[in-house]
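Take a look at the structure below.
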Amino acid sequence: MFTADWENGTVLPTLHPGASLLVVKEGLQTRLVGQGSLSGNTAAITFANILGNIVGAKVHSILSVLVPDMLRFASPAALMTSPQHGDQLSTLAQLLRDTELWELFSDAAAIAGHTLFAPTNEAFAEVATLGLDVDLASNLQYHSLEGMYTIYALPAYVPVVVGNATQYKMFY
1 MFTADWENGT
11 VLPTLHPGAS
21 LLVVKEGLQT
31 RLVGQGSLSG
41 NTAAITFANI
51 LGNIVGAKVH
61 SILSVLVPDM
71 LRFASPAALM
81 TSPQHGDQLS
91 TLAQLLRDTE
101 LWELFSDAAA
111 IAGHTLFAPT
121 NEAFAEVATL
131 GLDVDLASNL
141 QYHSLEGMYT
151 IYALPAYVPV
161 VVGNATQYKM
171 FY
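Using full-length UniProt numbering, the final residue of the sequence shown is 172, and nothing's skipped along the way.
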């Protein structure tokens with residue numbers, strides 16, 4: 001299906017249940033607007049059908065990364081009530097709310113283009129059982145990377161935002 005075949009208002013289902021893209025046409029420009037778990041996303045199509053028919057697939061380039069709601073930075077209250085992960089991230093949300101870190105993680109301009117690895121409640125509990133004397137608030141800064149990475153696009157070593165963290169090769 002070519003983008004010219006899409007009518008304004010067409011809803012395109014994604015492979016992820018609960019997420020779809022709404023086609024919005026404005027003159028010659030076609031945009032995709034996320035719905036469901038992709039709500040809040042907008043991506044302009046820059047080139048349509050750039051690879052033609054490769055194995056029966058179409059490829060269109062877009063100007064944005066489509067990020068599901070659960071991966072967006074949200075308020076601590078939203079983290080704790082997230083239907084997918086709220087019960088697993090409540091310790092993180094509480095720590096963010098109780099420290100100045102929330103200012104860093106909630107400022108869209110400051111955090112734009114970053115990747116955050118969010119420790120689960122189980123991870124925080126493990127720190128306590130190991131008897132480690134760790135300042136959890138400052139340690140969270142080592143969980144933020146400059147740049148947006150999907151798990152498959154992470155290079156072998158990625159510098160953290162602050163500090164001199166030990167770097168480990170990531171396997172996936």
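Backbone N, C-alpha and C define an ideal beta-carbon position, used for all residues, glycine too.
These numbers were taken from a predicted model, which means no experiment stands behind them.
Legend entry - Endpoints, the beta strand (DSSP E) within which alanine 19 is located: Mapped onto the sequence shown, residue 19 falls at position 19. Counting along the chain, the beta strand (DSSP E) containing alanine 19 begins and ends at 19-26.
Legend entry - Whole-angstrom distance between glutamine 35 and proline 13, CA atom to CA atom: Taking the sequence shown and counting its residues from 1, one reaches residue 13 at position 13. Taking the sequence shown and counting its residues from 1, one reaches residue 35 at position 35. When rounded, the distance between both Cα atoms is 9 Å.
Inset, instruction - Put valine 134 into one of helix, strand or coil per three-state DSSP. - result: For the purposes of this step, residue 134 is taken as the residue at position 134 of the sequence shown. Residue state, collapsed to three classes: coil.
Legend entry - Where threonine 99 sits in the DSSP three-state scheme: The sequence position of residue 99 within the sequence shown is 99, counting from 1. In the structure shown, threonine 99 sits in coil (DSSP, three-state: anything other than H, G, I, E or B).
Inset, instruction - Return the residue from the list Ser20, Thr129, Glu122 and Val134 that minimises the CA-CA distance to leucine 38. - result: Stepping through the sequence shown from its first residue, residue 38 is reached at position 38. Comparing Cα-Cα distances from leucine 38 to each of Ser20, Thr129, Glu122 and Val134, the minimum goes to Ser20.
Inset, instruction - Can you grab the Cα-Cα spacing for the pair proline 17 / valine 11, in whole Å? - result: For the purposes of this step, residue 17 is taken as the residue at position 17 of the sequence shown. For the purposes of this step, residue 11 is taken as the residue at position 11 of the sequence shown. Going by the C-alpha atoms only, they are around 14 Å apart.
Legend entry - Candidates Leu32, Glu122, Asp98 and Leu130: closest to glutamine 88 by CA position: Taking the first residue of the sequence shown as position 1, residue 88 is located at position 88. Closest by alpha carbon: Glu122.
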